[in-house]
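For the record, the sequence lines run as chains A and B.
So in my numbering, spot 276 of the first sequence is number 297, and the numbers just go up one at a time.
So in my numbering, spot 284 of the second sequence is number 286, and the numbers just go up one at a time.
Structure record follows, encoded as structure tokens.
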Amino acid sequence: MKGWQLYTLLILPLAYLMIFKYVPMYGTVIAFKNFVAARGIWGSEWVGLVHFERFFHSYQFGRVFRNTLTLAAYELLVGFPLPIILALSLNYVRNAFFKKSIQMITYAPHFISVVVLVGITMQMLQPGTGAVNIVLGLFGMDSIHFMAIPEYFKTIYVLSGVWQNVGFASIIYLAALSGVDPTLHEAAVMDGASKLKRMWHVDIPGITPIIVVMFILAMGNFMEIGFEKVLLMQNPLNLRTSEIIDTYVFNIGLKGAVPQYSAAAAIGLFKNLIALFLLVTANRLARRSGTSLW
Amino acid sequence: MSKNAIRESKGDRVFDAANHLLLGLLLIIIIYPLLYIVSASISSSEAVIAGEVWLWPVQPTLDGYMAVFANKMIWSGFMNSFYYAGVGTLINVIVTLLAAYPLSRTDLFGRGFFMLLFVFTMMFSGGLIPTYLVVKALGLLDTRWALIIPTALSVWNMIIARTYFQTTISSELLEAGQMDGCNDYRFLWSIVLPLSGPIIAVIALFYAVGHWNQYFHAMIYLRDESLFPLQLVLRDILIQNEVDFSAMSDAGELVRRQGIRELLKYSLIVVSTLPIMVVYPFVQKYFVKGMMIGSLKG
Numbered sequence: 022m023k024g025w026q027l028y029t030l031l032i033l034p035l036a037y038l039m040i041f042k043y044v045p046m047y048g049t050v051i052a053f054k055n056f057v058a059a060r061g062i063w064g065s066e067w068v069g070l071v072h073f074e075r076f077f078h079s080y081q082f083g084r085v086f087r088n089t090l091t092l093a094a095y096e097l098l099v100g101f102p103l104p105i106i107l108a109l110s111l112n113y114v115r116n117a118f119f120k121k122s123i124q125m126i127t128y129a130p131h132f133i134s135v136v137v138l139v140g141i142t143m144q145m146l147q148p149g150t151g152a153v154n155i156v157l158g159l160f161g162m163d164s165i166h167f168m169a170i171p172e173y174f175k176t177i178y179v180l181s182g183v184w185q186n187v188g189f190a191s192i193i194y195l196a197a198l199s200g201v202d203p204t205l206h207e208a209a210v211m212d213g214a215s216k217l218k219r220m221w222h223v224d225i226p227g228i229t230p231i232i233v234v235m236f237i238l239a240m241g242n243f244m245e246i247g248f249e250k251v252l253l254m255q256n257p258l259n260l261r262t263s264e265i266i267d268t269y270v271f272n273i274g275l276k277g278a279v280p281q282y283s284a285a286a287a288i289g290l291f292k293n294l295i296a297l298f299l300l301v302t303a304n305r306l307a308r309r310s311g312t313s314l315w
Numbered sequence: 003m004s005k006n007a008i009r010e011s012k013g014d015r016v017f018d019a020a021n022h023l024l025l026g027l028l029l030i031i032i033i034y035p036l037l038y039i040v041s042a043s044i045s046s047s048e049a050v051i052a053g054e055v056w057l058w059p060v061q062p063t064l065d066g067y068m069a070v071f072a073n074k075m076i077w078s079g080f081m082n083s084f085y086y087a088g089v090g091t092l093i094n095v096i097v098t099l100l101a102a103y104p105l106s107r108t109d110l111f112g113r114g115f116f117m118l119l120f121v122f123t124m125m126f127s128g129g130l131i132p133t134y135l136v137v138k139a140l141g142l143l144d145t146r147w148a149l150i151i152p153t154a155l156s157v158w159n160m161i162i163a164r165t166y167f168q169t170t171i172s173s174e175l176l177e178a179g180q181m182d183g184c185n186d187y188r189f190l191w192s193i194v195l196p197l198s199g200p201i202i203a204v205i206a207l208f209y210a211v212g213h214w215n216q217y218f219h220a221m222i223y224l225r226d227e228s229l230f231p232l233q234l235v236l237r238d239i240l241i242q243n244e245v246d247f248s249a250m251s252d253a254g255e256l257v258r259r260q261g262i263r264e265l266l267k268y269s270l271i272v273v274s275t276l277p278i279m280v281v282y283p284f285v286q287k288y289f290v291k292g293m294m295i296g297s298l299k300g
């Protein structure tokens, strides 16, 4: 057969995909069973929707679900517009050196690991010795134990994320801006448009398609909160606002002395189904606007 | 041309000033934490504990760095991380190219079906627990392979490589190769790979940074401390605060140790981030390129 060699190349990647992606998908059936390791997935008894019902009726459900949604919405609301604003603003810097420096420095935090990012955040916010509290002290304010106050958790999460990613996320918009037709700007200048006017009437309409695509993508990934970061920032004092679905799955499924595999898998499946629904809906919207995501 | 046509209007000059001011402010906000960490790491522990360091180093010492390099866990963490990043990235790149090249060929029968198999895993996953059970069933728990094999391929990077192949390897090139009796293996090895330096660099960098920064898989899959990557060691020290000096009886000694512990954290942040930050300026353009290719439609 012609091209058989191409199929032999695919064997290894497909084997990986089957074992580490599709077998776990099959493994989600334990959400409907009482999984006992000794009896295997197939040998464990079916229990239907018990694990789902128990989760929906538990006092944790409302809290965990609400935290997940509000954290995701907060992040989108703050984290989405800022890179666009940064790109628009950078686009009007004419000094090439200044522009390059800003790009270089604002991209850098993107490569800091999540552990180090949380480490930096915690050192900065430490009561007494952290930089933020020292600066607050200079203004005569009392030291605040930020990480211990549940009300601050989401803000710290979102703002540290902005600090890390605002630069890198602006790359895509900067590229889109460089594609805006320069004759439009020339015409606008001829007509006496100020820079602010040009930004509003030339640049923003020019990059709106990209903004729409990125927004739809962000909606599709709405449920994908930086779970590893939340887990690191979590402590017993802020658990009330920091427990999201993913961390809850981890905490009951793998962390406890008696791992509740089935219950955790059920909650994970519940979340993944919502995520799938959001992604498919987002893509359908994207297709309607003429830009499919794949 | 009149003078006024060249000179900017007052509004534009105000705009420029405000724009530069805001960007300058952003620069300060981004740099300040980094500068503060570096300053604290070379200050004396007394100054750090007393909260005297807020911008520049106070009573400079290298105590913190001594403590970092005296710690065996940190050393082994570094070594392990180099191993995971090196071996892991090599396997990642191989598996990625093996998938990306055939899928870039428009004459591959069933291409759409295979693509769907790959892309579907981006949309839906079995989730944490079932994946953990698979890794466990394969006997990978508590071995180095647990950090390498379960993440052997990122579909996202595969799509980036595939897009690159589609746009740079022309069908004329393939036809010319086939005309000269080149089979698919030979074509991939002798023609495609030599033309793909930039894309291999991009995906290798993405994978390597991913391995270097990963802690979660190590946390769930590994028990043996001698296998811990740096990030997991960092987590224990920076976040779980697990440098245990609590058995100290002497109060003065306790305070001193407490100070070293704080200092150690700052130095550790610097030491662990340094490898990436040193390489970063040279490879920045590849990351930007990767972002751009990734945003193209496949």
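Just so you know, even glycine gets a beta-carbon here, dropped at the ideal spot from N, CA and C.
At a C-beta separation below 8 Å, residue 277 of chain B has no neighbours in chain A, since its nearest C-beta there lies roughly 10 Å away. Of A/247, A/209, A/218 and A/214, the smallest CA-CA separation from residue 181 of chain A is found for A/247. Separation of residue 256 of chain A and residue 225 of chain A (C-alpha to C-alpha, rounded to the nearest whole angstrom) is 42 Å.
Distance between residue 208 of chain A and residue 167 of chain B, taken at the CA atoms: about 39 Å. Distance from the CA of residue 262 of chain B to the CA of residue 154 of chain B, rounded to the nearest whole angstrom, comes to 39 Å. One alpha carbon belongs to residue 190 of chain B, the other to residue 196 of chain B, and they sit about 9 Å apart. Here the alpha carbons of residue 11 of chain B and residue 214 of chain A stand approximately 10 Å from one another. Pairing residue 285 of chain A with residue 131 of chain B gives a Cβ-Cβ distance under 8 Å. A straight-line Cα-Cα distance of about 8 Å links residue 200 of chain B and residue 288 of chain B. Nearest CB-CB separation between residue 53 of chain B and chain A: below the 8 Å threshold. At a cut-off of 8 Å between beta carbons, residue 289 of chain A contacts chain B. Within chain A, no residue has its beta carbon less than 9 Å from that of residue 200 of chain B; the closest one is some 17 Å off.
At a cut-off of 8 Å between beta-carbon atoms, residue 274 of chain A makes contact with chain B. Spanning the alpha carbons of residue 27 of chain B and residue 176 of chain A requires a straight line of approximately 20 Å. Going by beta carbons, residue 163 of chain B and residue 99 of chain B fall inside the 8 Å limit. Here residue 231 of chain A has 193, 194 and 197 as same chain residues with Cβ atoms under 7 Å from its own Cβ, once five neighbours each way along the sequence are excluded. In the structure shown, the three-state DSSP call for residue 58 of chain B is coil. The beta-bridge partner set that DSSP reports for residue 67 of chain A consists of A/54.
Within the segment 46-130 of chain B, complete alpha helix (DSSP H) segments of at least 4 residues are found at 47-51, 65-72, 74-106 and 113-125, given in chain order. With 16 or more other Cβ atoms inside 10 Å of its own Cβ, residue 238 of chain B counts as buried.
Residues of the segment 194-222 of chain A with a C-beta atom less than 7 Å from some C-beta of chain B are 196, 215, 216 and 217, listed in chain order. With contacts defined as CB atoms closer than 8 Å, residue 124 of chain A and residue 188 of chain A qualify as a contacting pair. Its Cα nearest to that of residue 169 of chain A, the residue A/143 stands out among A/72, A/308 and A/143.
Counting C-beta atoms within 10 angstroms of its own C-beta, residue 290 of chain A has 16 or more neighbours from the protein chains shown and is therefore classed as buried. The alpha-carbon of residue 171 of chain A is positioned some 6 Å away from that of residue 261 of chain A. Neighbours of residue 125 of chain B in chain A, taken as residues at a C-beta separation under 7 Å, are given in chain order as 297 and 300. Annotation: residue 253 of chain A to residue 218 of chain B spans about 10 Å, alpha carbon to alpha carbon.
Within chain B, no residue has its beta carbon less than 7 Å from that of residue 278 of chain A; the closest one is some 15 Å off. 8 Å or more divides the Cβ of residue 110 of chain A from the Cβ of residue 94 of chain B. DSSP places residue 162 of chain A outside any alpha helix (DSSP H), giving it a letter other than H or E.
Within the segment 144-158 of chain A, 144, 145, 147, 149, 150, 151, 152, 154, 155, 156 and 158 place their CB atoms closer than 9 Å to a CB of chain B, listed in sequence order.
Interface annotation for the segment 111-136 of chain B against chain A: 111, 116, 119, 120, 121, 123, 125, 126, 127, 128, 129, 130, 131, 132, 133, 134, 135 and 136, criterion Cβ-Cβ distance under 8 Å. Chain B places no beta carbon closer than 8 Å to that of residue 81 of chain A, leaving this residue out of the contacts.
With contacts defined as CB atoms closer than 8 Å, residue 85 of chain A and residue 237 of chain A fail to qualify as a contacting pair.
Residue environment analysis places residue 42 of chain A among the buried positions, since at least 16 neighbouring C-beta atoms fall within 10 angstroms of its C-beta. Straight through space, the alpha carbons of residue 81 of chain B and residue 25 of chain A are spaced by roughly 41 Å.
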